[in-house]
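**Student:** Okay, here's the structure, questions in a sec.
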């Protein structure tokens, strides 16, 4: 099975995913077979788009996969679109890759440093912003955050989240009298926890000199 990470407008189409699976399982496929297999799809138009993009190869009226399959992690970068077979020797290594992201804002000098997997399935604010922006499917935990924040402007959210976090420069515990979606979000993300007294405590490493919060 071929997996696509960070798909584009073309490669995220359901038909494209079904098509590459079909071509991966069958040899020397002709257009008539594809049309019979996908009778409810505008096959001609979409196939031309895939061929033009270099994703599908047409030779002697036969159609073949022409995907740039990932075979090495040497030059791998977070968020690049990749195609990889689950049978690939580097597939498991890809899933275990770790990347570091940074979130900054225009209101203050606070920096949120987070670690993520390549699929951005880990629960971090950077992953949330990325997936919402590209309309990628959310994990169950990320959906929980979406129920609180929705499609919020990242700069707007960071302004209020970091302003609250920076209060820990002067206090170890903070009180929030009114319900606040940004404070609630910090709890869901694991940046802060609420103690028995109803006060909030920092739950991540905080470099006070660099104003950097490290979410493990």
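In my numbering, the protein residues as written are 724 to 939. Positions of the beta carbon are idealized from the N, C-alpha and C atoms, including for glycine.
1) Check whether the stretch 836 to 850 touches the stretch 821 to 828, taking contact to mean three or more Cβ pairs, one atom from each stretch, closer than 8 Å.
2) Since residue 682 is in the alpha helix (DSSP H), which residue starts that stretch and which ends it?
3) Which residues does DSSP pair with residue 938 in a beta bridge?
4) Quick check: residue 851 and residue 868, are their CB atoms within less than 7 Å of each other?
5) Straight-line CA distance for residue 842 to residue 818?
6) Alpha carbons only, please: which of 731, 759 and 878 is nearest the one belonging to residue 773?
7) Measuring CB atoms only, is the stretch 804 to 817 touching the stretch 891 to 908, in the sense that at least three cross pairs come out at less than 8 Å?
8) In angstroms with no decimal places, state the Cα-to-Cα distance between residue 758 and residue 764.
9) Quick one: Cα of residue 799 to Cα of residue 921, how far?
10) Quick check: residue 769 and residue 728, are their CB atoms within less than 7 Å of each other?
11) Note down the Cα distance separating residue 777 from residue 735, rounded to an integer number of angstroms.
12) Per DSSP, residue 924 forms a beta bridge with which residues?
13) For residue 796, count neighbouring C-beta atoms within 10 Å of its own C-beta (all shown protein chains included) and say buried if the count is 16 or more, exposed if not.
14) Could you spell out the range, first to last residue, of the alpha helix (DSSP H) harbouring residue 852?
15) Give the secondary structure of residue 731 by DSSP, where H, G and I count as helix, E and B as strand, and everything else as coil.
16) Going by the DSSP bridge assignment, what does residue 826 pair with across the sheet?
17) Quick check on residue 868: does DSSP put it in helix, strand or coil?
**Tutor:** This is what the structure holds:
1) yes
2) This structure cannot speak to residue 682, because the chain is shown only from 724 to 939.
3) 837
4) yes
5) 7 Å
6) 731
7) no
8) 8 Å
9) 44 Å
10) no
11) 15 Å
12) 896 and 916
13) exposed
14) 848 to 857
15) coil
16) 835
17) helix
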